[in-house]
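According to my numbering, the sequence shown is numbered sequentially starting from -10.
Cβ atoms here follow ideal geometry from the backbone N, Cα and C, with glycine treated the same way.
What follows is a single structure, written as structure tokens, with notes after it.
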Amino acid sequence: MVAHGNTADHTPLSPYSRHALPAAMEEDPKTSDRSPAPLLQRQARQRPSAAAVLKSRMKRGVDCSVPRVRSTLTGFFPVVRWLPKYKLKEYVWGDLMSGLIVGIILVPQAIAYCLLAGVDPIYGLYTSFYANIIYFLMGTSRHVSVGIFSLMSLMVGQIVDREVFQAGFDIDDSKTSTLDMINGTLDINMTTKTIELFGVEFEKESYAILVAATVTFLAGIYQVLMAVFRLGFVSVYLSAPMLDGFATGASFTILTVQAKYLLGLKIPRHQGPGVVVVTWFNIFANIHKTNFCDLITSAICISVLVAGKELQDRYKDRLKIPLPTELVVVAAATLASHFGGLNSKYGSSVSGYIPTGFIPPRTPSLDVMPRVALDAIPLSVISFAFTVSLSEMMAKKHGYSVRPNQEMLAIGLCNIIPSFFHSFTTSAALAKTMVKDSTGCQTQVSSLISALVVLLVLLFFAPFFYSLQKCVLACIIIVSLRGALRKFKDVPGKWRASREDALVWLVAMAATALISVELGLVMGIVFSMIVVIYKTQNPKVSLLGRAGSSDLYEDMEEYKNLLPPARVLVFRYQAPLYYANKDSFLKALYKRAGVEPFLELTRRKKEEKKAKMSAKQANGDKTNGEVVVGLIQSNLDFHSIVLDCSAIPFIDSSGMATFKTLVQEYRDIGVRVYLASCNTSVIDSLLKGDFFGKNEQNMSKLLFHTVHAAVEYAVAHEAPQGESKSDTSLV
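Given below as structure tokens:
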């Protein structure tokens, strides 16, 4: 409650005053039964000058002392900090077990996701190998598994397919048939095995990985730049419902892209928007060409994989390690395909030869960069958003902290460095992270173990996957989407919990699945921001009433037994007040008050004029205009409005001007407006806009700490009936 002390001119002192206050004050007779609240005085904050701040930062930046070098080294390579403290006996078995299991799962997935990325299987193994080693050195999360991810692979694959097609290569997986060549139905450029681009001869496979590596390099550059300039805040615009819907829509796109492999159909990928619709149309149009060998193999593999996942989910508390279902399926299918001759006898598509060892590094193409510069932006944002969010989730679960900026830098270098070694875009992967967590992972040593497993495959076992059918790889990808596709069952629950979040999820999912991944991301972000703007323009507004004889005021629509103050309206607006919603704020207040000042003033003028004319006709030229005006102005049910600003986090210049206009307009019709419970940022905005007049002279008459203090002041200083609108002392 505010203290209502009076000076000689009966002007109360402001509880927000920055000046010294007298020790003794005479109490207002109407509030003498209450103890005055303590008067608060704002602290004077002295901010350093911009030059001093810049000088200090430059001094810290050029400092080259030993502690500074050590701090920079340990900050850039967190492994230097935690590895010397590694508890061998306590951590080694958990890291070894989780590393081996994730590595075993990673190998078939790395090969499979190359179908999505549009590159040869060997490059998926390279990507997984380098990403795990770099994140081991630079990551701050102990449990995150960074590597190949289905969503990133899909986005890279769409870019690769577009560029390969525009370069003149055939993006169909099938071999050119003799019949097509005889009939002349194929463009001669589409049958060319090598094409000269930028003065160099390229085969389709080598150009595809060049495009993938180039877009990965740019995505990594963007991520490092965001880390350097500390732009990680952009992730706040990727709301959880939007990311969830985006991932689900992308999962449906992935399922669609892989469906042709399940049936053994030879149809090219569609380029441009509408991938899902066009692909399913092509599938049904060519359904009579289904390869029954691939169909039967797919049915068996999906059944085994789903059964293994269900057993894993049901008995996860009893199983000490996850079931290596993918590895079993890959091994069995490879043996069956090899000894059964499924490729030669039934025309089933196989992975083909996967070489061992490493290919010499190659720099990303400067000629390709301008073509994919914009495509790399969504890749970089989604990659770091998933990585940072997953890192923070695991850190909260296990009680340690991560550095989001370092995570962004780590994932950026996980893309930049491997791009020179024929790799494509990576990010943290939820499924493998959950596996690491459930198998006792303690540190990123487990990622080093997983990299060693991939290295063994690269050096020795890669050729054994020659006969592995592509439909088996498609089955692994599709079954891995179970979690995302199951989210359709959660839509009713989302709708009941929050209709706005459910709409964001649905829009992001539908746009991603039905239009394209990139446009789905943009539309999801834009729509989620529109929802936020809509919320600020249509917030909860209410009139408050008093609970008994207490100082508590609450929403009369939400609580029972509340009484409104006598002839005082208490209005609460639960949103920031800025240029976009100032009109909705005024409309809401006018509606609750039942009086719009301008219209009321116009009505009064008309009635005054009409009354004067009537009086003139009745009494000749003699009339008492003041009596007429007083009678006209006496029909309002309230004399004061108290604005509860406790739910207004900030206002801008438009909001401040709205407050000024509000006070003046209601003052013109004899209604006082008071502000209560303003936070300091709102007060500072009002002070900067001279809302309280010169030298803050009207601050004590307009601003109060609590709603109750404002109501008491309004009741104690009720304006007399017929107050002249010319009294503008409060504005």
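Check                                                                                                                                                                                   : Outcome
I need the DSSP call for Ile438, collapsed to helix, strand or coil.                                                                                                                    : helix
Could you please give me the residues that DSSP links to Gln458 through a beta bridge?                                                                                                  : Val339
With DSSP as the reference, label Asp540 as helix, strand or coil.                                                                                                                      : coil
Drop a sphere of 10 angstroms on the beta-carbon of His277, count the other beta-carbons inside from all chains shown, and report buried for 16 or more, exposed for fewer.             : exposed
Which runs of the alpha helix (DSSP H) fall wholly inside the stretch 547 to 634 and span at least 4 residues, in chain order?                                                          : 571 to 582, 586 to 608 and 614 to 621
Assign Ile522 to buried or exposed, taking buried as 16 or more other Cβ atoms, counted over all protein chains shown, within 10 Å of its Cβ.                                           : exposed
Rounding to the nearest angstrom, what Cα-Cα distance links Trp494 and Gly238 in this structure?                                                                                        : 9 Å
For my contact list, Leu244 and Asp283 are in at a C-beta cut-off of 8 Å; report their separation, rounded to the angstrom.                                                             : Actually they are not in contact, since the Cβ atoms of Leu244 and Asp283 sit about 16 Å apart, beyond 8 Å.
Measure from the alpha carbon of Gly472 to the alpha carbon of each residue in Ala420, Leu363, Gly209 and Leu402, then state which is nearest.                                          : Ala420
Go ahead and label Tyr304 buried or exposed: buried means 16 or more other beta carbons lie within 10 angstroms of its beta carbon, across all protein chains shown.                    : exposed
Between which two residues does the beta strand (DSSP E) harbouring Arg661 extend?                                                                                                      : Arg661 to Ala665
For Ser369, which residues of its own chain have a beta-carbon under 7 Å away from its beta-carbon, when the five flanking residues on both sides are left out?                         : Ala208, Tyr211 and Gln212
His259: buried (16+ other C-beta within 10 angstroms of its C-beta) or exposed?                                                                                                         : buried
Do the CB positions of Glu396 and Ser635 come within less than 8 Å of each other?                                                                                                       : no
Residue range of the alpha helix (DSSP H) that Val213 falls in?                                                                                                                         : Lys193 to Val217
Give every residue of the same chain whose Cβ lies closer than 7 Å to the Cβ of Ala703, excluding the five residues on either side of it in the sequence, and list them in chain order. : Val557, Ser629, Val631, Arg661 and Tyr663
DSSP state of Phe693, grouped into three classes?                                                                                                                                       : strand
Whole angstroms are fine: how far does the CA of Lys594 sit from the CA of Lys601?                                                                                                      : 10 Å
Just to confirm my understanding: we take Pro350, look at its own chain, exclude 5 residues before and 5 after, and list those with CB closer than 6 Å. What are they?                  : Phe409 and Phe410
So, does the stretch 286 to 293 touch the stretch 260 to 276, judging by three or more C-beta pairs under 8 Å?                                                                          : no
Taking 8 Å as the cut-off, does the stretch 314 to 331 touch the stretch 88 to 97 (at least 3 CB pairs, one atom from each stretch)?                                                    : yes
In terms of residues, what are the limits of the alpha helix (DSSP H) holding Thr286?                                                                                                   : Phe281 to Arg303
In this structure, does DSSP put Leu227 in helix, strand or coil?                                                                                                                       : coil
Just curious, the alpha helix (DSSP H) that Ala268 is in, first and last residue?                                                                                                       : Strictly speaking, residue 268 in this sequence is Thr, with Ala absent from that position. Looking at the DSSP string, the run of the alpha helix (DSSP H) that includes Thr268 is Val264 to Ala274.
Which residues does DSSP pair with Leu186 in a beta bridge?                                                                                                                             : Val189
Given that a residue counts as buried once 16 or more other Cβ atoms are within 10 Å of its Cβ, and exposed if not, what is Ser331?                                                     : Contrary to the premise, residue 331 reads as Leu rather than Ser in this sequence. Classification for Leu331: buried.
On the three-state DSSP scale, how would you describe Val530?                                                                                                                           : strand
Are Ala216 and Leu398 closer than 8 Å when you measure CB to CB?                                                                                                                        : yes
Less than 8 Å between C-beta atoms, sequence neighbours within five positions excluded: which residues of the same chain meet that for Val446?                                          : Val96 and Leu114
Under the rule that 16 or more other beta-carbon atoms within 10 Å means buried, what is Ser240, buried or exposed?                                                                     : buried
With distance defined between alpha-carbon atoms, name the residue in Ala288, Thr352 and Pro67 nearest to Ser195.                                                                       : Thr352
Pull up the CB-CB distance for Thr415 and Ile137, whole angstroms please, since I reckon it's below 8 Å.                                                                                : 6 Å
On the three-state DSSP scale, how would you describe Ile640?                                                                                                                           : strand
Assuming contact is defined by CB atoms lying nearer than 8 Å, are Phe125 and Ser436 in contact in what I supplied?                                                                     : yes
Let me confirm a value: Val189 is counted as buried when at least 16 other C-beta atoms fall within 10 Å, else exposed. Which label applies?                                            : exposed
Along the alpha helix (DSSP H) that carries Tyr80, what are the first and last residues, could you check?                                                                               : Leu77 to Ala106
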